[in-house]
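Asker:
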Amino acid sequence: AEAYAALDLLATMVAIVGADGSLVFANSAFENALGLSRRNLARAPAFEWFTEPHRLRSTIEAVAANPFQTSRLETHLSPSPNAQSEPRWVHVSVNRLDEGGGRVLLEAIEIEPKVRQEREERAIEQVENSKELIRNLAHE
Numbered sequence: 015a016e017a018y019a020a021l022d023l024l025a026t027m028v029a030i031v032g033a034d035g036s037l038v039f040a041n042s043a044f045e046n047a048l049g050l051s052r053r054n055l056a057r058a059p060a061f062e063w064f065t066e067p068h069r070l071r072s073t074i075e076a077v078a079a080n081p082f083q084t085s086r087l088e089t090h091l092s093p094s095p096n097a098q099s100e101p102r103w104v105h106v107s108v109n110r111l112d113e114g115g116g117r118v119l120l121e122a123i124e125i126e127p128k129v130r131q132e133r134e135e136r137a138i139e140q141v142e143n144s145k146e147l148i149r150n151l152a153h154e
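Numbering-wise, my numbering puts 69 at position 55 of the sequence shown, and it's gapless, one number per residue.
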C-alpha cells in the first residue's frame, strides 16, 4: 500500500483491483464515498461497490485481457448501509496496470445531477433531430 500512497492525495476516487475484483488498494476518497474502511472494502469484490456489479465485472475482465484496452462506464456507486446516503452516479474509468493483466486501476468521478440531466436532454434532442431528418428524407 505504501507504493500507492500518492493516490491518497487525489480528490477523485481511485482503487487498484485484481482482475477478479479483489482489492489491492483504495484511496481515502473511495473510503469516504462508500463509508467503509479499506479493511471492510477488501471483504467483498470491488464489483459489489456498484449497483450493477455484472457491468463492472465484464468491463474489468475485458480490460485485463487486452493490453491496449481502456474502458469507461456510468453506473451508481452503492454506499454502505451505515453511510446513510443515496447511491451516486459516477463515471468509472478502467485501465490496465501491468503486463499480465492481473491488476486494473478504477477511477470514479461523481457526475453531478445537473450535468447528467443536461446530457440526457441533449441526447433526447439529438434523437428528435435524427427522426425529423429521416422523415424529411423519406418525403423527398
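Quick reminder that beta carbons are idealized off the backbone N, C-alpha and C, glycines included.
Because the structure is a prediction, the values reported are computed rather than measured.
Return yes when the Cβ of residue 65 is within less than 7 Å of the Cβ of residue 101, no when it is not.
Answerer: Looking up residue 101 in the sequence shown gives position 87. Looking up residue 65 in the sequence shown gives position 51. Their beta carbons are under 7 Å apart, which means residue 101 touches residue 65 by this criterion.
Asker: Using CA coordinates, which residue listed in 53, 24 and 90 is at the minimum distance from residue 61?
Answerer: Looking up residue 61 in the sequence shown gives position 47. Checked all of 53, 24 and 90; the closest Cα to residue 61 is 90.
Asker: Would you decide whether residue 121 is buried or exposed? Buried here means 16 or more other CB atoms lie within 10 Å of its CB.
Answerer: Locating residue 121 in the sequence shown gives position 107, where the first residue counts as 1. Classification for residue 121: buried.
Asker: Can you say whether residue 80 is buried or exposed, counting buried as having 16 or more other CB atoms within 10 angstroms of its CB?
Answerer: Position 66 of the sequence shown, counted from the first residue, corresponds to residue 80. The residue in question, residue 80, is exposed, as its Cβ has fewer than 16 Cβ neighbours within 10 Å.
Asker: Around the C-beta of residue 123, are 16 or more other C-beta atoms found within 10 angstroms, so that it is buried, or is it exposed?
Answerer: Residue numbering aside, residue 123 sits at position 109 when the sequence shown is read from its first letter. By the 10 Å Cβ count, residue 123 comes out exposed.
Asker: Per DSSP, residue 103 forms a beta bridge with which residues?
Answerer: If you number the sequence shown from 1, residue 103 lands on position 89. Bridge partners of residue 103: 90.
Asker: Considering just the uninterrupted stretch of the alpha helix (DSSP H) at residue 43, what are its terminal residues?
Answerer: Position 29 of the sequence shown, counted from the first residue, corresponds to residue 43. Unbroken alpha helix (DSSP H) run through residue 43: 42-48.
Asker: For residue 119, which residues of its own chain have a beta-carbon under 6 Å away from its beta-carbon, when the five flanking residues on both sides are left out?
Answerer: Stepping through the sequence shown from its first residue, residue 119 is reached at position 105. Within the same chain, residue 119 has close Cβ partners 30, 109 and 111.
Asker: How long is the line joining the alpha carbons of residue 71 and residue 151, rounded to whole angstroms?
Answerer: Numbered from its first residue, the sequence shown carries residue 71 at position 57. Numbered from its first residue, the sequence shown carries residue 151 at position 137. Rounded to the nearest angstrom, the two C-alpha atoms are 42 Å apart.
Asker: On the DSSP bridge assignment, give the partners of residue 110 in chain order.
Answerer: Looking up residue 110 in the sequence shown gives position 96. Answer is 118, bridged to residue 110.
Asker: To the nearest angstrom, report how far apart residue 41 and residue 76 are at their CA atoms.
Answerer: The count along the sequence shown starts at 1 and reaches residue 41 at position 27. The count along the sequence shown starts at 1 and reaches residue 76 at position 62. For residue 41 and residue 76, the distance between alpha carbons rounds to 24 Å.
Asker: For residue 79, report the span of its alpha helix (DSSP H) as first-last.
Answerer: If you number the sequence shown from 1, residue 79 lands on position 65. Taken as a continuous stretch (DSSP letters only), the alpha helix (DSSP H) holding residue 79 covers 67-79.
Asker: So for residue 144, helix, strand or coil by DSSP?
Answerer: By 1-based counting over the sequence shown, the position of residue 144 is 130. Helix, per DSSP.
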